[in-house]
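>
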Amino acid sequence: MSAARAGLRKKRLLSLGALATLLAVAIVLPLGLKNYGVYLLALWAVYCMAALGLNLTLGYAGQISLAQAAFLGIGAYVTALLTKVGVSFWLTWPLGGLVCFVLGLLLGFPALRVQHHYLAFVTLAFNALVFLVLRNEEWLTGGVYGVENIHRPLVLGLSTKAPVPFYYLCLGLLLAVSAALWWLLRSPWGRAFQALRENPLRAASLGVGVRNYTLLAFAIGSGIGGLAGGLYAPLVEYIDHTPFELQTSLALLLIVVVGGAGYFGGPYFGAAVVMLLPEWLRVSQSYYLILYAVLVMVLMAVCPTGLLGMWEQAWRSRALRARSAAEVRAAPDPGGGP
Amino acid sequence: MAQFLQLATSGLATGAIYALAAIGFTLLWQTSQTINFAQGEFVMLPAFLMLAGTRLLGLSIYASFALALVLSALLLGWVFKRVLVDRMLPHGYMPLVIATIGLSLFMKESVKVSFGPEALPFPSALPDGLLHWGSVVVSERDLAVLAISAIVVVALHVFLAHTLTGRAMQAVAQNSEAALVLGIPVARMVLYTFLINALLVTLAALLVTPVYLAKYSNGESLGLVAFIAAIVGGFNRVRGALVGGLLLGVVDNLSGAYFSSAYRQLGPLIVLIVIILFRPQGLLGQAEERTV
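Chain order of the listed sequences is G and E.
Numbered by my numbering, the letters in the first sequence go through residues 1 to 338 in order.
Numbered by my numbering, the letters in the second sequence go through residues 339 to 630 in order.
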């Protein structure tokens, strides 16, 4: 038993070490990159945040949402339009999240009332609807002309106009959201989400209101999508409707599943693969998206549980092998020697 | 009134094409729980196969249609099932959903690289004249599309309901384990549905592409509409997909003409939301216990 506990501690230490290393990389990396590289890293942070929200919906509550891009868009437009009229980013950013949280409740309530997989279809329609409104309601969203000159916020009086400071803002807010989500999932109240992921039937038998928790997971996930959007607007400094189409929702779904749905760290790796891999493949010029698509299919064939799922499997089989080896050594020699 | 009738007829013709794609979509879902996010691209690709036939091989449109049927059955039926579906379904539906999203990107980009990003003219296999009935003008093409789709759907229905193979396929759709116990070769029946899907999308490509022109991104909107049609009609009913497709074609056309062209795509979405709220199993579908 103590060996198993030691193994667990070793795994936790290893995870912590990996986390610290990755964080150090995330902090140091932009210093050696050109502007475009820093922009990509900031984009990674934004998509990562949106995917963290979707991971709550998909990985923990087991619901497919195809509207994460719509929430990203709503959050982006809330921040873009309000900062244009002089409201502080530090007000509009949480407001965008709140708006998306409420919309998530309103959208999820009727959809989850019926059968669970209908959320995928309702959210698909919702994404198309939001896309049309963003494109057509020119008085509000600027229509196809979009919103330009979105200002980047001040942090403690310091400007984040330059790429690197803005990236640090994105990274900082990503860490803050991650920490909040981590705390939420560890709290006694949030453990219901994990129960939902492990075994919804048993969770229900233990008195967890599956429907309410599923709805809450979806709404919180949507709200986090809105927060990501609030960062997206000042990052690109000009927004129109095109980034918030259904394809982006599918890309976010891809991020979550490639990283490993239901693994807390999944979106970080998934976003790195989905956002950065196409850029590296650009050397192959017009073929890069084809290569990328093939890699996605191969990845799903080789490790359907995502990157972290594969890692855990490898870890488990290693631990299993070590344990059986120990058992063989401990067992009395059946042959009785020469 | 005359305008309404004209719009309704051309809407029905478009809807019949949606229905072909939607029927294939529901067939795959019923027998193997495959949600094919590349269904739109499955309609786009045969169009380019046919275009390759007419342009590179100098075949007539009919001959290249025949060739495209064979190639689609091979690529979109057999290879798709063997290489992607069989490998991933044991791991649940989610990896397959992602893989078909990857597949749709793969097909789009491959066609874009080999045929270019522009919309290419596509030869029509159907008559192009206009018929006048009093003040109502109907295009011969629309009528031909309706007739061909009707024949194919009726033939499919007869096959599924009145032949031994068809009934075996239905048994697989209803309960594949029980079907296996009864000695039905489940794997082969599932393969048949993939082949039928491949033939249906090729026909849809032949009928729809002369109007939309051949473009690599054609599948995006088509796939979405087929998806919605399948849900509106009822995911577990072939007839449902037919009704859903026709309804969406008409709604699409009428909302474009009478409501607002900017919100044209909204019509089908409103139908979708109303259906999900008030009749979640679809117009003709049966409520089922199975969850995705």
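Don't be surprised by glycine CBs; every beta carbon is placed ideally from N, CA and C.
Using the Cβ count rule (16 or more neighbours within 10 Å means buried), how would you classify residue 591 of chain E?
As a first step, residue 591 of chain E is located in the second sequence; it is residue number 253 there, counting from the start. Classification of residue 591 of chain E: buried, given that the 10 Å Cβ count is 16 or more.
> Measure the Cβ-Cβ separation of residue 104 of chain G and residue 196 of chain G and say whether it is below 9 Å.
Taking the first residue of the first sequence as position 1, residue 104 of chain G is located at position 104. Taking the first residue of the first sequence as position 1, residue 196 of chain G is located at position 196. Not a contact, by the Cβ cut-off of 9 Å.
> Any beta carbon from chain E within less than 9 Å of residue 277 of chain G's own beta carbon?
Position 277 of the first sequence, counting from 1, holds the residue named residue 277 of chain G. Not closer than 9 Å to any Cβ of chain E, the Cβ of residue 277 of chain G fails to qualify, so no.
> On a Cα-Cα basis, can you pick out the residue from G:127, G:55, G:54, G:26 that is closest to residue 41 of chain G?
Counting from one through the first sequence, the residue named residue 41 of chain G turns up at place 41. When each option's Cα is compared against that of residue 41 of chain G, the closest is G:26.
> Which residues, in chain order, does the region 61-81 of chain G contribute to contact with chain E at a C-beta distance below 8 Å?
The residues in question are 64.
> Tell me, please, whether the CB atom of residue 359 of chain E is closer than 9 Å to any CB atom in chain G?
Counting from 1 along the second sequence, the entry for residue 359 of chain E is found at position 21. Chain G contact via Cβ: absent.
> Give the range of the alpha helix (DSSP H) segment to which residue 599 of chain E is assigned.
As a first step, residue 599 of chain E must be located in the second sequence, where it is residue number 261. Here residue 599 of chain E belongs to no alpha helix (DSSP H), and DSSP marks it neither H nor E.
> Below 8 Å CB to CB, which residues in the same chain sit around residue 82 of chain G once its five sequence neighbours on both sides are set aside?
Stepping through the first sequence from its first residue, residue 82 of chain G is reached at position 82. Closer than 8 Å at the Cβ level, and outside the excluded window around residue 82 of chain G, lie 91, 92, 95.
> Which of the residues in the region 413-438 of chain E, read from start to end, lie with their CB under 8 Å from any CB of chain G?
Those would be 422, 425, 426, 429, 430, 432, 433, 434, 435, 436, 437, in chain order.
> Output the distance between the C-alpha atoms of residue 217 of chain G and residue 52 of chain G, rounded to the nearest integer angstrom.
Working through the first sequence from its first residue, we reach residue 217 of chain G at position 217. Working through the first sequence from its first residue, we reach residue 52 of chain G at position 52. The alpha-carbon atoms of residue 217 of chain G and residue 52 of chain G are separated by roughly 11 Å.
> In chain order, which continuous runs of the alpha helix (DSSP H) of length 4 or greater are located wholly inside the region 500-556 of chain E?
Fully enclosed alpha helix (DSSP H) runs of 4 or longer: 502-512, 514-519, 524-550.
> Could you check the C-alpha separation between residue 372 of chain E and residue 208 of chain G for me, to the nearest Å?
Here the question's residue 372 of chain E lines up with position 34 in the second sequence. Here the question's residue 208 of chain G lines up with position 208 in the first sequence. If I take the Cα positions, the gap works out to 31 Å.
> Tell me whether the region 302-317 of chain G and the region 553-561 of chain E touch, counting them as touching only if at least three CB pairs, one residue from each stretch, are closer than 8 Å.
Flag = no, the region 302-317 of chain G and the region 553-561 of chain E do not touch.
> Helix, strand or coil: how does DSSP classify residue 628 of chain E here?
Start at 1 with the first residue of the second sequence, and residue 628 of chain E comes out as number 290. Residue placement at residue 628 of chain E is flagged as unreliable, the pLDDT there being 44, under the threshold of 50; a coordinate-derived value is accordingly withheld.
> Does the beta carbon of residue 560 of chain E sit closer than 9 Å to a beta carbon anywhere in chain G?
Within the second sequence, residue 560 of chain E is the residue found at index 222, counting from 1. It does not: the Cβ of residue 560 of chain E has no partner Cβ on chain G nearer than 9 Å.
> Could you list which residues in chain E have their beta carbon closer than 8 Å to that of residue 297 of chain G, in chain order?
Within the first sequence, the letter at position 297 stands for residue 297 of chain G. Chain E residues near residue 297 of chain G: 422, 437, 440, 441, 444.
> Ends of the alpha helix (DSSP H) at residue 471 of chain E?
Taking the first residue of the second sequence as position 1, residue 471 of chain E is located at position 133. Not the alpha helix (DSSP H): residue 471 of chain E falls in the beta strand (DSSP E), residues 468-471.
> Could you round the C-beta distance between residue 566 of chain E and residue 586 of chain E to whole angstroms and report it? I think they count as a contact, below 8 Å.
Here residue 566 of chain E corresponds to residue number 228 of the second sequence, with the count starting at 1. Here residue 586 of chain E corresponds to residue number 248 of the second sequence, with the count starting at 1. Sure, about 6 Å apart at Cβ, within 8 Å.
> Whose Cβ in chain E lies nearer than 7 Å to the Cβ of residue 304 of chain G?
For the purposes of this step, residue 304 of chain G is taken as residue 304 along the first sequence, with counting starting at 1. Near residue 304 of chain G (Cβ distances below 7 Å), the residues of chain E are 426, 429, 433.
> Have a look at residue 568 of chain E and residue 8 of chain G and give me their C-alpha separation to the nearest angstrom.
What you label residue 568 of chain E is simply residue 230 of the second sequence in a count that begins at 1. What you label residue 8 of chain G is simply residue 8 of the first sequence in a count that begins at 1. Computed Cα separation, rounded: 48 Å.
> Closer than 9 Å, CB to CB, is residue 128 of chain G near chain E or not?
Start at 1 with the first residue of the first sequence, and residue 128 of chain G comes out as number 128. It does; some Cβ of chain E falls within 9 Å.
> Looking at the C-beta of residue 615 of chain E, does it have a partner C-beta in chain G at a distance below 9 Å?
What you label residue 615 of chain E is simply residue 277 of the second sequence in a count that begins at 1. With 9 Å as the cut-off, residue 615 of chain E counts as an interface residue toward chain G.
> Is the beta carbon of residue 483 of chain E less than 9 Å from the beta carbon of residue 354 of chain E?
Translated into the one-based positions of the second sequence, residue 483 of chain E becomes position 145. Translated into the one-based positions of the second sequence, residue 354 of chain E becomes position 16. Yes. Within cutoff.
> Using 10 angstroms around the beta-carbon of residue 632 of chain E, count the other beta-carbons present and answer buried if the total reaches 16, otherwise exposed.
Because residue 632 of chain E is not part of the residues shown, which for chain E are 339 to 630, the question remains open.
> If residue 574 of chain E and residue 508 of chain E are in contact, beta carbons under 8 Å, what's the gap, nearest whole angstrom?
Walking along the second sequence from the start, residue 574 of chain E turns up at place 236. Walking along the second sequence from the start, residue 508 of chain E turns up at place 170. Contact doesn't hold; Cβ gap of about 11 Å is too wide.
> Put residue 397 of chain E into one of helix, strand or coil per three-state DSSP.
To locate residue 397 of chain E, count along the second sequence from 1; it is residue 59. Three-state DSSP puts residue 397 of chain E in coil, outside helix and strand.
> Candidates G:68, G:300, G:327, G:331: which alpha carbon is nearest residue 431 of chain E's?
The residue you call residue 431 of chain E lines up with position 93 of the second sequence. For residue 431 of chain E, the nearest C-alpha among the options comes from G:300.
> Hey, how far is the Cα of residue 325 of chain G from the Cα of residue 425 of chain E?
As a working mapping, residue 325 of chain G is identified with position 325 in the first sequence. As a working mapping, residue 425 of chain E is identified with position 87 in the second sequence. Each residue's alpha carbon lies about 32 Å from the other.
> In this structure, how does DSSP classify residue 563 of chain E when only helix, strand and coil are distinguished?
Within the second sequence, numbered from 1, the residue matching residue 563 of chain E stands at position 225. Residue 563 of chain E: helix per DSSP, three-state reduction.
> Look at the Cβ atom of residue 150 of chain G, then the Cβ atom of residue 234 of chain G, and state whether they are nearer than 9 Å.
By 1-based counting over the first sequence, the position of residue 150 of chain G is 150. By 1-based counting over the first sequence, the position of residue 234 of chain G is 234. Their beta carbons are under 9 Å apart, which means residue 150 of chain G touches residue 234 of chain G by this criterion.
> Using the Cα positions of residue 250 of chain G and residue 439 of chain E, report the straight-line distance between them to the nearest angstrom.
Here residue 250 of chain G refers to the residue found at position 250 of the first sequence. Here residue 439 of chain E refers to the residue found at position 101 of the second sequence. Roughly 8 Å separates the two Cα atoms.
> For a cutoff of 9 Å on Cβ pairs, would you count residue 630 of chain E as touching chain G?
For the purposes of this step, residue 630 of chain E is taken as residue 292 along the second sequence, with counting starting at 1. Summary for residue 630 of chain E: the model assigns pLDDT 33, below 50, so the residue's position carries little reliability, and this model does not support an answer.
> To be precise: take each residue of the region 377-389 of chain E, compare its Cβ to all Cβ atoms of chain G, and keep it if any distance is under 7 Å. Which residues remain?
Under the 7 Å Cβ criterion, the region 377-389 of chain E contributes no residue.
> Are there 16 or more other CB atoms within 10 angstroms of the CB of residue 199 of chain G, so buried, or fewer, so exposed?
Stepping through the first sequence from its first residue, residue 199 of chain G is reached at position 199. Exposed, by the Cβ-count rule.
> List, in order along the chain, the chain E residues whose C-beta lies closer than 8 Å to that of residue 300 of chain G?
If you number the first sequence from 1, residue 300 of chain G lands on position 300. Within 8 Å Cβ-Cβ: 426, 433, 434, 436, 437, 440.
> Given a limit of 7 Å on CB to CB distance, which residues of the region 440-474 of chain E reach chain G?
If the cut-off is 7 Å between Cβ atoms, the region 440-474 of chain E has 440, 441, 443, 444, 447, 448, 451 near chain G.
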